[in-house]
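Asker:
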Amino acid sequence: MNIIWARTVALACLLGAVAAALGWLFGSKIGFAFAIAALLLQVFFNTFHAQRLWRLLDAPVYGEVPSAIGMWGEIYYRLYRLAKRWHNQVRQVEQQHNRFIQAIQASPNGVVMLDEHNQIEWCNAISERHFGLNARRDVRQQITHLLRQPEFVHYLAMHRYDEALSMHHMGEQHNNVLSVQVFPYGDNRKLILSHDITQLERTETMRRDFVANVSHELKTPLTVLSGFLETMKELPLNEEEKERYLDIMQRQAERMKNIVDDLLTLAKLEGNTLPPVDQRLDMKRIVKQLGIDAAGLSNQTHDISVDCESGLAVLGSETELQSAFSNLVSNAVRYTPAKGRIKIDWRGTEDGGAIFSVTDSGLGIPAQHIPRLTERFYRIDRSRSRDTGGTGLGLAIVKHVLTRHQAHLDIKSQEGRGSTFSIVFPASRIARDQVQGDAATASSASRD
Ligand code: ADP
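One point on numbering: in full-length UniProt numbering, the residue at position 35 of the sequence shown is 35, and numbering is uninterrupted.
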């Protein structure tokens with residue numbers, strides 16, 4: 001039997017027995033009056049607690065349990081236990097919900113949740129940045145009232161969401177590209193995921209331009225080569241003509257080889273591990289050799305001088321830096337007319353770094369070209385670059401090498417008066433001898 005029934009029957013039996021005993025001792029009226037009074041008390045007690053329970057259920061206060069004797073005490077206690085269990089469950093769900101929101105907020109993607117009428121239900125911080133939304137202000141707003149781009153409105157209306165949509169001119173600066181995709185879920189609801197692909201697009205454009213440039217650069221000498229081959233095959237040529245044609249063909253073949261070599265150098269630089277920081281380069285020897293090489297390249301037609309501070313070494317990869325230095329020196333020779341001056345200089349700076357610079361009195365560079373010189377295949381005068389064996393990749397290689405050594409290229413130039421290309425090394429890449437040597441000036445390699 002249920003415990004409440006058992007208690008009620010036991011209490012009724014007890015009160016009945018007491019009423020019978022009182023009736024037997026003091027007469028039936030007294031016994032009857034006691035029974036009525038006990039019954040009324042019981043009714044009053046039950047009504048009082050029923051009303052208390054009613055009020056409690058109407059406006060529950062968590063943690064407050066009324067106390068009572070008997071079965072009402074049991075009822076209140078069980079109610080309290082139930083409320084506690086529910087409260088714990090609600091807290092767990094709340095914690096899960098918060099963790100879920102935090103995870104979506106931490107995602108690098110923008111997330112917007114739409115209801116069945118395409119109204120915003122919720123959006124994360126990244127989507128606010130991507131679409132210029134405001135999570136509080138824009139809740140319950142139609143998404144198409146806020147994202148009015150026709151391509152997006154059309155995409156949303158078409159209900160074909162297999163492919164993502166690329167949206168341009170997005171973000172706070174209006175210069176980002178977003179990949180946006182809709183994922184339907186639940187009862188006609190939608191999830192919009194956005195992903196910033198600006199960098200990816202830029203890389204893709206660069207890759208396309210690069211492939212087009214390489215093809216173009218290789219196509220020109222190839223066309224010349226095949227043209228001459230055909231001429232040689234079809235026309236009877238005398239020895240002198242043959243010699244001249246073979247000469248031209250050899251130059252074109254060399255040009256292609258130079259381009260391929262430079263491309264391989266760039267590829268190698270991109271794939272290589274970072275240059276060492278404990279390899280000291282003997283700059284005195286390197287600078288002296290650069291002077292000798294410049295004199296050889298110039299065929300003694302330039303006035304070449306070399307200045308080198310002693311006791312100052314670079315820490316890094318000798319092959320890479322040697323190629324960067326040589327590129328600047330060979331450019332100076334190639335873009336300086338005969339009788340011009342070229343100076344190679346190596347010296348320390350006040351902040352503990354050092355500068356390698358090559359100054360020439362050559363053609364100079366118009367200011368608008370300077371920021372673009374390190375782009376691959378960028379040339380001011382194509383034919384001059386080509387005629388002197390240039391590939392248009394030299395300064396791109398230099399920039400790459402310098403970035404890997406935390407150094408940078410500084411270009412100062414005046415059109416018609418000459419240029420100075422300086423490689424600026426930070427203190428972290430320079431090692432100084434304990435006893436600083438005097439700034440020794442090596443004599444000009446060309447005059448040596
Ligand atoms: P290139 O193989 O054509 O020389 P670079 O990348 O070395 O390619 O140089 C890019 C362009 O920068 C050159 O085509 C040239 O127009 C310009 N340039 C580089 N160095 C000098 C310089 N010392 N004086 C004038 N122009 C220069």
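Glycine is no exception: its CB is placed at the ideal position from the N, C-alpha and C atoms.
(1) May I ask you to report which of helix, strand or coil DSSP gives Asp-360?
(2) What are the start and end residues of each continuous alpha helix (DSSP H) run of 4 or more residues lying completely inside the segment 171-229, in chain order?
(3) Measure how close the beta-carbons of Ile-104 and Val-111 come, nearest whole angstrom, since I'm counting them as under 8 angstroms.
(4) Considering just the uninterrupted stretch of the alpha helix (DSSP H) at His-145, what are its terminal residues?
(5) Use the C-beta contact count for Gln-92: other C-beta atoms within 10 angstroms, 16 or more gives buried, fewer gives exposed.
(6) Distance, Cα to Cα, Arg-148 vs Asn-175?
(7) Under the three-state reduction of DSSP, which class applies to Ile-380: helix, strand or coil?
(8) Which residue from Asn-124, Ala-157, Gln-95 puts its Cα closest to that of Asn-118?
(9) Within its chain, find whatever has a CB closer than 8 angstroms to the CB of Ser-446; leave out the 5 residues flanking it on each side and keep chain order.
(10) Which runs of the beta strand (DSSP E) spanning at least 3 residues fall entirely within the segment 290-361, listed in chain order?
(11) Confirm the yes/no value for this check: CB of Gly-110, any heavy atom of the ligand ADP, distance under 7 angstroms.
(12) What does DSSP give as the partner residue(s) for Thr-420 in the beta ladder?
(13) By alpha-carbon positions, which one of Phe-48, Glu-415, Phe-377, Lys-412 ends up nearest to Ser-215?
(14) Is Thr-391 near the ligand ADP - that is, is its Cβ less than 7 angstroms away from at least one heavy atom of it?
(15) According to DSSP, is Ile-365 part of a helix, a strand, or is it coil?
(16) How is His-97 classed by DSSP in three states: helix, strand or coil?
(17) I'd like to confirm the pairing. Which residues does DSSP put opposite Ala-431 in its beta bridges?
(18) Thinking just about the alpha-carbon of each residue, which of His-369, Ile-75, Gln-96 is nearest to the one in Leu-57?
(19) Are Phe-425 and Gly-353 closer than 8 angstroms when you measure CB to CB?
(20) Count the C-beta pairs between the segment 281-289 and the segment 317-329 that are closer than 8 angstroms, then say yes if the count reaches three, no if not.
(21) Could you name the residues of the same chain whose beta carbon sits closer than 6 angstroms to that of residue 456, not counting the 5 residues immediately before and after it, in chain order?
(22) For the 8 angstroms Cβ check, are there 3 or more pairs between the segment 191-199 and the segment 233-248?
Answerer: Here's the rundown:
(1) By 1-based counting over the sequence shown, the position of residue 360 is 360. Three-state result, Asp-360: strand.
(2) Complete alpha helix (DSSP H) runs here, min 4: none at all.
(3) Stepping through the sequence shown from its first residue, residue 104 is reached at position 104. Stepping through the sequence shown from its first residue, residue 111 is reached at position 111. Indeed they touch by this definition, with Cβ atoms about 5 angstroms apart.
(4) Residue mapping note: residue 145 aligns to position 145 of the sequence shown, counting from 1. Counted as a single uninterrupted DSSP element, the alpha helix (DSSP H) harbouring His-145 occupies residues 143-146.
(5) Sequence index remark: in the sequence shown, residue 92 carries index 92 (1-based). Its Cβ having fewer than 16 others within 10 Å, Gln-92 is exposed.
(6) Position 148 of the sequence shown, counting from 1, holds the residue named residue 148. Position 175 of the sequence shown, counting from 1, holds the residue named residue 175. The straight-line gap from Cα to Cα measures roughly 17 angstroms.
(7) Here residue 380 refers to the residue found at position 380 when the sequence shown is read from its first residue. Assigned with DSSP and collapsed to three states, Ile-380 falls in coil, not helix or strand.
(8) The sequence position of residue 118 within the sequence shown is 118, counting from 1. Nearest option by C-alpha distance: Ala-157.
(9) Here residue 446 corresponds to residue number 446 of the sequence shown, with the count starting at 1. In this predicted model, Ser-446 has a pLDDT of only 39, less than 50, meaning its place in the structure is not dependable enough to derive any value.
(10) Listed in chain order, the complete beta strand (DSSP E) runs (minimum 3 residues) inside the segment 290-361 are 303-308, 312-315, 341-348, 354-360.
(11) As a first step, residue 110 is located in the sequence shown; it is residue number 110 there, counting from the start. The answer is no for Gly-110.
(12) Position 420 of the sequence shown, counted from the start, is the residue given in the question as residue 420. The partner list for Thr-420 (beta bridge, DSSP) reads Thr-359, Lys-412.
(13) Here residue 215 is taken as the residue at index 215 of the sequence shown, counted from 1. Per the Cα distances, Phe-377.
(14) By one-based count along the sequence shown, residue 391 stands at place 391. Relative to the ligand ADP, Thr-391 has its C-beta within less than 7 angstroms of a heavy atom.
(15) Counted from its first residue, the sequence shown places residue 365 at position 365. If DSSP states are grouped into helix, strand and coil, Ile-365 belongs with coil.
(16) Here residue 97 corresponds to residue number 97 of the sequence shown, with the count starting at 1. Helix.
(17) The residue given as residue 431 occupies position 431 in the sequence shown. In the DSSP assignment, the residues bridged to Ala-431 are Ala-313.
(18) Numbered from 1 along the sequence shown, position 57 holds the residue referred to as residue 57. Per the Cα distances, Ile-75.
(19) Counting from one through the sequence shown, the residue named residue 425 turns up at place 425. Counting from one through the sequence shown, the residue named residue 353 turns up at place 353. Taking a C-beta distance under 8 angstroms as the contact criterion, Phe-425 and Gly-353 qualify as a contact pair.
(20) Judged by Cβ distances under 8 angstroms, the segment 281-289 makes contact with the segment 317-329, as three or more pairs qualify.
(21) For the chain, the structure presents residues 1 to 448; residue 456 sits outside this window and is missing.
(22) Judged by Cβ distances under 8 angstroms, the segment 191-199 makes no contact with the segment 233-248, as fewer than three pairs qualify.
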